[in-house]
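Residue numbers (the working numbering), protein chains in the order written: chain A, 126 to 475; chain H, 126 to 475. Idealized CB from N, CA, C, for every residue including glycine. None of the values given here were measured: they were computed from a predicted structure. One structure is given here, and the rest of the page talks about it.
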């Protein structure tokens, strides 16, 4: 059954809080019918979310009668379902729609939702629910499969978007590349992946390794990073994915003017040079793991400021810097593809 | 009710696999009546485990009729209950004993065990079971509370023992110190702590921070480390505890002749200088976090070899090295106490 999705962002229709909704619209827009936010009814979705030119905000599910899936479009820290959304979720279930959620708080564990879903024979899909108990063993990585990993200086700076863009750019060139999602939004888009922040701590690297082993028939794996190696709340998830995916190279993602740590605004983010150094050292314990490019998110600055920032960072780090939204992805894809070809050649030359 | 413990190590009575049993005997020996291993019946426990001079191996629970608690004394990777132990656990429940387990595989989730326990009204205590959903926020750490953290070059090299010995040594000097367990064995010994490797990945640092905040009325917190920052399977847990506890100083624990990574014997452990550098860099992102001493586990070498190794490492790292079993703990406690006093003085001098 094809998904016909209504995205729920009620009262939270901004690109940051509704990151999940935005990314589903960006990469699976053909499956999306509308976005529910009664406070924005009738407006184009793009006016609030920056994506979804052809979509409108609606105030009620009755305005999208063909929809068969309600997708919860936000991922707040802590992951609770806002109380005011309960009637909308229940209405969707009553209408026979499946409900997809990436929250930590599982909708399928909620008795009221679960009972209603069972009566209506619809599915409650908790993307973060998992039962991973694999331990990373570093066995049998395919020698010729190139693994590239996106890391960041903070949460929500564009690691997933960068990963998808690199993958799609490589595919456009005929390279057999696969995006490996490690978070709820990527999983909703790609249909594979594991929610690494929801895995039991002992098994994060194991879950990442399992994902790599399952997909390494592809020639390139682009592994989505999470959080940041210096984020005091989430660095464990970041490192688990870095060590579990054992990448050959990194792309460093950052947002211009993002100075303080998400959720811990009393703390400053260390400079990019430090973020690069720590990622290269921690990723490079057992094989070289250089940062080969920077993916810059310039949404908070003007085109002119972005250009200036780009030159500054290129000078400071000695690396190519690319803003995939403003410049397109080709500069980034060039760097990754060339590095991979050199890497392959070096291997063949032995 | 006082615990009168029989420890189960059936078929696995060696110090490595039965680490949990050994540590409970070492630090809660007054509560232990006997150790069950029918393959060693009648022998002194110390002949196999190196601790428990006054204890004997027994082959059946009937040989320790006063016991009220069966404690599972091993912690295998993967954490499954060996099939051959099921009858012993069931017999304990039938006799009205509580059962304490640190395995990943929860005994309280096992229908046969749970039904029997419910009939007999005994408790099945899964030390790793938890429901942590705290996110680390770095709020309100008490300024004058000194936090010291044990890190290691691998799993099972003596981080817990080192933490307990430092704590007890400080207490002997009248310092208000508290050991903070982060793993199942420490929790069984100390009665507080959280099983960080079993916490959902997003909440490891939050669980560690919660433990610190709950105990920071003490003047010194000695936080047990887990795994190793370079261990490809478990480094996420290691870093989550390092960032969640935000320590002022580290003690680096290692075992002489341990060259390969536990569970990944095809991989070599990087040199101590590298382990030290990575821990200091990752622990020191937001405040200095020096390694101030080395705790050496010399169980595999002679006294003479241990002395030579100690001199070599002292020279190489420029740090005091102490083998708490051979030398006693005072050298280590001296270093920690002096560093803490200097740290306090520096703070007071402002």
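- Between residue 306/H and residue 294/H, the beta carbon gap of about 17 angstroms keeps them out of contact (Cβ cut-off 8 angstroms).
- Every alpha helix (DSSP H) of 4 residues or more that sits fully in the stretch 289 to 317 of chain A is shown, in chain order, as 309 to 315.
- Only residues of its own chain outside the window of five on either side were considered, and among them 302, 304, 347 have a CB closer than 6 angstroms to the CB of residue 292/A, listed in chain order.
- If you draw a straight line from the Cα of residue 379/A to the Cα of residue 192/A, it comes to about 36 angstroms.
- Separation of residue 466/H and residue 338/A (C-alpha to C-alpha, rounded to the nearest whole angstrom) is 51 angstroms.
- Apart from the 5 residues on each side of it in sequence, residue 311/A sits with its Cβ closer than 6 angstroms to the Cβ of 285, 318, 349 in its chain, given in chain order.
- Listed along chain A, no residue sits closer than 8 angstroms to residue 306/H by beta-carbon distance, the nearest being about 15 angstroms off.
- Counting only runs of 4+ residues, the alpha helix (DSSP H) found wholly inside the stretch 327 to 395 of chain A occupies 329 to 340, 360 to 370, in chain order.
- Remark: C-beta atoms of residue 199/H and residue 137/H approach each other more closely than 7 angstroms.
- Neighbours of residue 407/A in chain H, taken as residues whose beta carbon is under 9 angstroms from its own, are 354, 355, 360, 364, 403, 406, 407 in chain order.
- Looking from the CA of residue 270/H, the closest CA among 344/H, 393/H, 474/H, 133/H belongs to 344/H.
- Contact of residue 394/A with chain H is not assigned, every C-beta pair being separated by 7 angstroms or more.
- Here residue 196/H is bridged, per DSSP, to 132/H, 225/H.
- Residue 384/H and residue 174/H have their C-alpha atoms spaced approximately 23 angstroms apart.
- Cβ neighbours of residue 434/H within its own chain (closer than 6 angstroms, five residues either side excluded): 381.
- Any Cβ of chain A closer than 7 angstroms to the Cβ of residue 225/H would place that residue at the interface, and such an atom is absent.
- The beta carbons of residue 330/A and residue 261/A sit closer together than 7 angstroms.
- Nothing from the stretch 455 to 468 of chain H brings a Cβ to less than 9 angstroms from some Cβ of chain A.
- Out of 429/A, 336/A, 418/A, the CA that lies nearest to the CA of residue 441/A is found in 418/A.
- Chain-order list of chain H residues neighbouring residue 330/A: 357, 358, 359, 360, 361, by C-beta distance under 8 angstroms.
- In the DSSP assignment, residue 142/H falls outside any beta strand (DSSP E) and carries neither an H nor an E.
- In summary, the residues of the stretch 255 to 281 of chain A whose CB is separated from some CB of chain H by less than 9 angstroms are 258, 260, 261, 262, 263, 264, in the order they occur in the chain.
- Counting only runs of 4 or more residues that sit fully inside the stretch 399 to 466 of chain A, the alpha helix (DSSP H) segments are 428 to 442, 449 to 452, in chain order.
- By DSSP's assignment, residue 250/H forms a beta bridge with 225/H.
- Using a Cβ-Cβ cut-off of 7 angstroms, residue 137/A does not count as an interface residue toward chain H, since no Cβ of chain H sits closer than that to its own.
- Residue pairing by DSSP places residue 267/H opposite no residue, since no beta bridge is assigned to it.
- Out of 421/H, 211/H, 246/H, the CA that lies nearest to the CA of residue 231/H is found in 211/H.
- Distance check between residue 154/A and each of 176/A, 205/A, 287/A places 176/A closest, using alpha-carbon atoms only.
- In the three-state DSSP reduction, residue 272/H falls in the strand class (E or B).
- The beta carbon of residue 248/H sits closer than 6 angstroms to the beta carbons of 223 from its chain, once the five residues preceding and following it are set aside; these are given in chain order.
- By the beta-carbon neighbour count (other beta carbons within 10 angstroms, threshold 16), residue 298/H is exposed.
- A buried status is given to residue 363/H, since no fewer than 16 other beta-carbon atoms sit within 10 Å of its beta-carbon.
- Straight across, the Cα-Cα distance linking residue 226/H with residue 300/A is about 50 angstroms.
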